[in-house]
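Colleague:
There are 2 protein chains.
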Amino acid sequence: MGTAQISAGHRKWVRSLHRKRIGEKEKAFIAEGFNALEAAIETKLHPILEIITEQDHLERVLALASDRGMPIYTCSRSVIEELSTEKTPQGVLVICSRVTCSFRELDESPPETVLYLDRVSDPGNLGTIIRTSLWFGISHLVLSPFCVDPFNTKTIRASAGAIFKARIYQPVDSGEMRKFSKRMEYLKVAMVPHGGSHPDALRKEGRKIVMLGQEAGGLSNDLMECADLSVSIPGRGDVESLNLSVASAIALYEIAQRRAPFR
Amino acid sequence: MGTAQISAGHRKWVRSLHRKRIGEKEKAFIAEGFNALEAAIETKLHPILEIITEQDHLERVLALASDRGMPIYTCSRSVIEELSTEKTPQGVLVICSRVTCSFRELDESPPETVLYLDRVSDPGNLGTIIRTSLWFGISHLVLSPFCVDPFNTKTIRASAGAIFKARIYQPVDSGEMRKFSKRMEYLKVAMVPHGGSHPDALRKEGRKIVMLGQEAGGLSNDLMECADLSVSIPGRGDVESLNLSVASAIALYEIAQRRAPFR
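These protein sequence lines map, in sequence, to chains V and P. Numbered according to this note's numbering, the first sequence terminates at residue 263, and the numbering increases by one at each position without gaps. Numbered according to this note's numbering, the second sequence terminates at residue 1263, and the numbering increases by one at each position without gaps.
(1) For a cutoff of 9 Å on Cβ pairs, would you count P:Tyr1073 as touching chain V?
(2) With a cut-off of 8 Å, do at least 3 Cβ pairs link the segment 164-173 of chain V to the segment 212-219 of chain V?
(3) From the DSSP output, read off the bridge partner residues of V:Ile269.
(4) Return the first residue and the last residue of the alpha helix (DSSP H) that V:Asp149 is part of.
(5) Within 9 Å (strictly less), CB to CB, does P:Tyr1253 reach chain V?
(6) Between the beta-carbon of P:Ser961 and the beta-carbon of P:Thr1132, is there less than 9 Å?
(7) Looking at the strands, I want to know which residues DSSP matches up with P:Tyr1169.
(8) Compile a chain-ordered list of the residues in the segment 72-91 of chain V whose CB is closer than 7 Å to at least one CB of chain P.
(9) Output, in sequence order along the chain, the residues in the segment 1113-1136 of chain P whose CB is closer than 8 Å to any CB in chain V.
(10) Given that P:Ala1031 touches chain V, what residues does it touch there, using C-beta distances under 7 Å?
(11) For a contact meaning CB atoms closer than 7 Å, what does V:Ile250 contact in chain P?
(12) For the putative contact between P:Tyr1169 and P:Leu1242, defined by C-beta atoms under 8 Å, what is the C-beta separation to the nearest angstrom?
(13) Give, in chain order, every residue of the segment 1214-1243 of chain P whose Cβ lies closer than 9 Å to some Cβ of chain V.
(14) With burial defined as no fewer than 16 other Cβ atoms inside 10 Å of the residue's Cβ, what is the status of P:Phe1146: buried or exposed?
(15) With 16 other CB atoms within 10 Å as the buried threshold, where does P:Gln1257 fall?
(16) Please state whether the Cβ-Cβ distance between V:Glu54 and V:Thr85 is less than 9 Å.
(17) What are the start and end residues of each continuous alpha helix (DSSP H) run of 4 or more residues lying completely inside the segment 78-131 of chain V, in chain order?
(18) What does the alpha-carbon distance come out to for the pair P:Phe1103 and P:Val1094?
(19) Check whether the Cβ atoms of V:Phe164 and V:Ala36 sit closer than 9 Å, and answer yes or no.
(20) Expressed to the nearest angstrom, what Euclidean distance is found between the alpha-carbon atoms of P:Arg1021 and P:Phe1151?
(21) Flag P:Lys1165 as yes if its beta-carbon sits less than 9 Å from any beta-carbon of chain V, otherwise no.
(22) With C-beta atoms as the reference, is V:Ile48 less than 9 Å away from V:Leu83?
(23) Return no unless some Cβ of chain P is closer than 9 Å to the Cβ of V:Pro110.
(24) Can you tell which of P:Thr1113, P:Val1192, P:Ile1080, P:His1140 has its C-alpha closest to the C-alpha of P:Val1227?
(25) At a Cβ cut of 8 Å, what residues of the segment 1152-1177 of chain P count as close to chain V, listed as they run along the chain?
(26) Would you tell me roughly how many angstroms separate the C-alpha atoms of V:Glu254 and P:Ser1078, rounded to the nearest one?
(27) Give the C-beta separation of P:Ile1209 and P:Val1189 to the nearest angstrom, bearing in mind that I take them to be a contact with Cβ-Cβ under 8 Å.
(28) Can you tell which of P:Ala1166, P:Asp1238, P:Pro1234 has the C-alpha that lies nearest to the C-alpha of P:Ala1039?
(29) Determine the DSSP secondary structure at V:Tyr73, reduced to helix, strand or coil.
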């Protein structure tokens, strides 16, 4: 497959993908850099639609992708800067297919742990949560309506490549999630700022849905009420709360300990 | 104390404080919002030099601060937008004294746990680490040379008020830190991505300095070599690493467990 220069109309289309509404309509998103390119090639979960690269990086891009049949466009540094949302763009943009998984498929091979994120609004938090989940081997993330776009550039950056490995289901409302949980016999765990059990309760064997709420307001009443177990991270009260991605990380860490019991 | 309008020259000075070099020279930093104002008043660690508020918030500002003798300036929304680095400014800017603590003072009342941050470069990570530390009752943070400015607006925002409660020592180079550790009998713990002990090793009683390295390259060789113990967070290998503030949080969480033993 040869390479081509990128036209003005094409550039306009690429820029438009940064907007959630357009990205969803076009079923595409933009990831940046060689790490993203390698992850996209490796996992195939979000097939690459095209690659846009600075001339300087063309050789390296071709070495990775030349025999894979996707279009490769070259452009100048200034065009990369126009298309990127990074302060210092890495020089390679990977346009990928937005693939979200069908929630019904989870019935066929229900994983031990599922994360349910209720209206998480910060893209950096969402990306970090995806990264941390994958680190601990938890790859199924279910997003409520009104969550930030998981294919937002900032989310993708914070995920450090994990977006290409995560299975994301969205939007799934609380009713649907509750039915799934009942049908498949999951324990619904609500992460709450205060008053819940110690996180080591998460080490117990058995299927769990861990529910995390939005940064400002936490979980909806609806989800709080349906929880089988509430868990809080004990603190010393010098600050009001933990950052959401930090609280998630501690919960995920404890879940992972069930495989490596306390010594 | 009365209120006054803010002059053009004064506005220029305030804007200049966003730059690290100027902030350090002027020994001042800017925090935004009522939470910051309340925390600054409550803790007194970083005395308030002045408050700048939109006319709309003046009454609330006066209720909190009127009898405390600091100048209060009022201005229009557009001036607040000019002075703030927030996308949607909250309408109140608090100019505070940059106070960094003297590292020598730690000898007098050495805390059980000290964090040593080696060239941490992301302001959001640093702020989140400060927030998480305070949550777990660890308030002494020692920063190496070349760390991001702890009084950066983004750091302060991510700290969610914790910057006003943390005791920050900087810059402290690795030699000085090692001498302190030897003199005061601290265990030097290096957080490393792979190959270290399980984090539950952090539950052991005794003085510890937990050393965390920069996002990209980790700890310097120097620090790696001087460590008495290396700790890694076991993962499943689906991503390369954890975010620095997440790794710190899991370490701090484990340290906090020494007070509440595993059930």
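A virtual CB, placed ideally from N, CA and C, is assigned to each residue, including glycine. Values in this document were obtained by computation on a predicted structure and should not be read as measured data.
Modeller: Working from what's here:
(1) no
(2) The segment 164-173 of chain V vs the segment 212-219 of chain V: no contact.
(3) This structure cannot settle anything about residue 269 of chain V, because the visible part of chain V is limited to 1 through 263.
(4) First-last for V:Asp149: undefined, no H or E at that position.
(5) yes
(6) The displayed coordinates of chain P run from 1001 to 1263. Any statement about residue 961 of chain P would go beyond what the structure contains.
(7) P:Val1142
(8) none
(9) Gly1124, Thr1128, Arg1131, Thr1132, Leu1134, Trp1135, Phe1136
(10) The premise fails here: P:Ala1031 is roughly 15 Å from chain V at the closest Cβ pair, so nothing lies under 7 Å.
(11) Simply Ala1249, Ile1250, Tyr1253.
(12) That pair is no contact at about 26 Å.
(13) When C-beta distances to chain V are compared with 9 Å, the residues of the segment 1214-1243 of chain P below that value are Ile1233, Pro1234, Gly1235, Arg1236, Gly1237, Asp1238, Val1239, Glu1240, Ser1241, Leu1242, Asn1243, in chain order.
(14) exposed
(15) buried
(16) no
(17) none
(18) 26 Å
(19) yes
(20) 11 Å
(21) Chain V, which has a Cβ nearer than 9 Å to the Cβ of P:Lys1165, makes this yes.
(22) no
(23) no
(24) Looking at the sequence shown, residue 1227 of chain P is not Val but Ala. Ranking the options by Cα distance to P:Ala1227, first place goes to P:Val1192.
(25) Result list: Ala1158, Ala1160, Gly1161, Ala1162, Lys1165.
(26) Separation of V:Glu254 and P:Ser1078 (C-alpha to C-alpha, rounded to the nearest whole angstrom) is 47 Å.
(27) The beta carbons of P:Ile1209 and P:Val1189 sit about 7 Å from each other, so the pair counts as a contact at 8 Å.
(28) P:Ala1166
(29) strand
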